[in-house]
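Q:
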Amino acid sequence: MKRNILGLLSLFSIVVAAQGPNLEKDYAAIESKVIEWRHDIHQNPELSNREFKTAEKIANHLKSLGIEVTTGIAHTGVIGILKGNRPGKVVALRADIDALPVTERNDLPFRSNVTSEFLGEKVGVMHACGHDTHTAILMGVAEVLANNKDKIKGTVKFIFQPAEEGPPPGEEGGALLMVKEGVLKNPDVDAIFGLHINSQTPVGTIRFKMGGTLAAAQSFTINVKGKQSHGSQPWSGVDPILISAKIIDGLQTIISREANLTNEAAVITVGKIKSGVRSNIIPESAEMLGTIRTLDYDMKDHINRRMKEMVATIAKAYGGEATCEIMDATDITFNEPDLVKQMLPTLKRVAGNENVIAQKAITGAEDFSYFQREVPGFFFFLGGMTPGNTTPYPHHTPDFLIDDAGMQLGVKAMTEIALDYLNAGQ
């Protein structure tokens with residue numbers, strides 16, 4: 002893994018981060034636009050690799066600002082390049098633009114009534130993870146920075162990424178494909194920043210973690226082969242359902258007895274089992290699908306190796322056979338510690354020292370991690386919960402809600418981070 006070490010900060014760069022330009026009028030002017038964009042995008046969501054209208058809206062906005070625009074990256078991605086009035090480094094700012102196959106269940110005036118097809122089924126489509134806010138925030142950042150080119154030393158690359166939730170089966174997509182297609186090149190990016198709004202964090206708050214922040218996500222498929230027989234004569238067959246139960250039990254011992262959970266969290270979850278056709282037949286085979294979440298590369302390697310060993314061995318012990326295939330979905334979202342230290346004064350300036358809070362790692366996953374494998378990156382969380390709300394709805398649910406009041410801080414944070422990073426040490 003490529004790791005660019007940024008080194009110690011100069012005293013001057015700290016001073017720049019502590020002061021920053023005064024853009025309060027710009028932020029006040031852009032807030033209503035950002036909210037309007039967010040409502041429109043929320044009302045017209047599109048699934049991964051199908052974000053055609055969203056991409057068109059973004060591209061048209063960037064072009065209206067005089068920003069150099071490239072479309073069609075990783076299918077529907079949009080890239081904007083804004084060069085400042087002075088030469089310098091290149092900073093990338095990323096927002097994800099796709100929605101989820103979730104049917105919205107609330108009374109918002111801009112709620113989604115969109116339906117589409119997902120895995121062969123008709124589904125509702127909803128921005129149930131806040132990507133609509135990320136997109137609108139970055140569109141606002143682009144406008145503020147385009148209106149203040151004289152304050153930019155270097156270049157800002159805006160990355161509007163499709164398919165963060167994962168491309169449809171059989172397709173490539175997301176951050177991995179963007180990297181493959183050279184999104185971090187021409188011009189070469191020196192550092193990348195991203196945010197994720199959170200429905201359970203109060204508006205006005207920013208949360209972060211140095212190092213491993215979100216988990217590497219892997220999916221696995223376990224195929225168990227037994228021997229079919231009548232349900233009344235189990236001794237004449239090999240029961241793949243019994244073997245599956247023993248495998249599930251065994252996998253959990255990898256977490257409870259082998260993983261050093263005082264180091265980082267780890268999870269193995271079996272989410273689906275498919276086997277059999279009726280009550281009195283012991284079937285011939287079983288299939289299990291699941292997910293692995295890890296925050297440490299050594300733990301990830303150990304868990305992967307032990308799963309494959311254990312699955313085959315347990316099946317053999319009960320007279321059957323089994324294979325375990327593990328597929329990567331995202332890498333570990335790793336916040337480069339030196340970069341975090343460099344930009345914390347900026348976040349504390351825009352949000353207030355008491356509102357920038359260190360947090361523990363999260364076993365959720367983000368494909369922002371694929372950008373961080375190539376260049377130093379910092380991914381943080383923005384409050385989107387109405388203060389005082391005691392029952393916020395979680396992400397990826399039909400009742401998910403975000404308070405628009407959190408949007409302006411997102412614009413401020415991303416704008417000031419870009420400027421302070423580029424102007425540090427000038």
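If you read the sequence shown in the numbering used here, its first letter stands for residue 2, the second for the next number, and so on.
Idealized CB from N, CA, C, for every residue including glycine.
Quick check on threonine 324: buried or exposed, where buried means 16 or more other Cβ atoms within 10 Å of its Cβ?
A: Classification for threonine 324: exposed.
Q: Does DSSP put glycine 407 in a helix, a strand or coil?
A: Reduced to three states, the DSSP call for glycine 407 is helix.
Q: Rounded to whole angstroms, what is the Cα-Cα separation between valine 376 and glutamate 355?
A: Between valine 376 and glutamate 355, the C-alpha separation is close to 29 angstroms.
Q: So is histidine 62 buried or exposed if we call it buried at 16+ other beta carbons inside 10 Å?
A: Buried, because 16 or more other Cβ atoms sit within 10 Å of the Cβ of histidine 62.
Q: So what's alanine 330 in DSSP terms, helix, strand or just coil?
A: Of the three classes helix, strand and coil, the one that applies to alanine 330 here is strand, per DSSP.
Q: I'd like to check one pair, threonine 364 with leucine 243: are the Cβ atoms closer than 9 angstroms?
A: Their beta carbons are not under 9 angstroms apart, which means leucine 243 does not touch threonine 364 by this criterion.
Q: What did DSSP end up calling lysine 247 once you bin it into helix, strand or coil?
A: Helix, per DSSP.
Q: Pull up the CB-CB distance for valine 190 and valine 91, whole angstroms please, since I reckon it's below 8 angstroms.
A: The pair is a contact, with the Cβ atoms about 5 angstroms apart (cut-off 8 angstroms).
Q: Taking contact to mean 3 or more Cβ pairs, one atom from each stretch, closer than 8 angstroms, check whether the stretch 173 to 191 and the stretch 114 to 121 are in contact.
A: With the cut-off at 8 angstroms, the stretch 173 to 191 and the stretch 114 to 121 do not touch.
Q: Taking the straight line between their C-alpha atoms, what separation do you get for asparagine 5 and tyrosine 422?
A: With a pLDDT of only 45 at asparagine 5, under 50, the local geometry of the prediction cannot be trusted, and the value read off the model is given with reservation. In a straight line, the C-alpha of asparagine 5 is about 15 angstroms away from that of tyrosine 422.
Q: Kindly identify the DSSP beta-bridge partner or partners of histidine 197.
A: Phe382.
Q: Give the secondary structure of glycine 291 by DSSP, where H, G and I count as helix, E and B as strand, and everything else as coil.
A: Three-state DSSP puts glycine 291 in a strand.
Q: Would glycine 85 and valine 70 qualify as a contact pair, given that the criterion is a beta-carbon distance under 9 angstroms?
A: Not in contact: glycine 85 and valine 70 (Cβ atoms no closer than 9 angstroms).
Q: Please report the straight-line C-alpha distance between asparagine 390 and histidine 396, rounded to a whole angstrom.
A: So the two alpha carbons sit approximately 15 angstroms from each other.
Q: According to DSSP, is glutamate 118 part of a helix, a strand, or is it coil?
A: Of the three classes helix, strand and coil, the one that applies to glutamate 118 here is strand, per DSSP.
Q: So, threonine 77 versus proline 163, is the Cβ gap smaller than 9 angstroms?
A: It is a contact, given that the beta carbons lie within the stated cut-off.
Q: Just reading off the beta strand (DSSP E) that lysine 158 is part of, what are its end residues?
A: That run of the beta strand (DSSP E) goes 154 to 162.
Q: Taking the C-alpha atoms as reference points, what is the distance between glutamate 1 and lysine 154?
A: The first residue shown for the chain is 2 and the last is 427, placing residue 1 beyond what the model contains.
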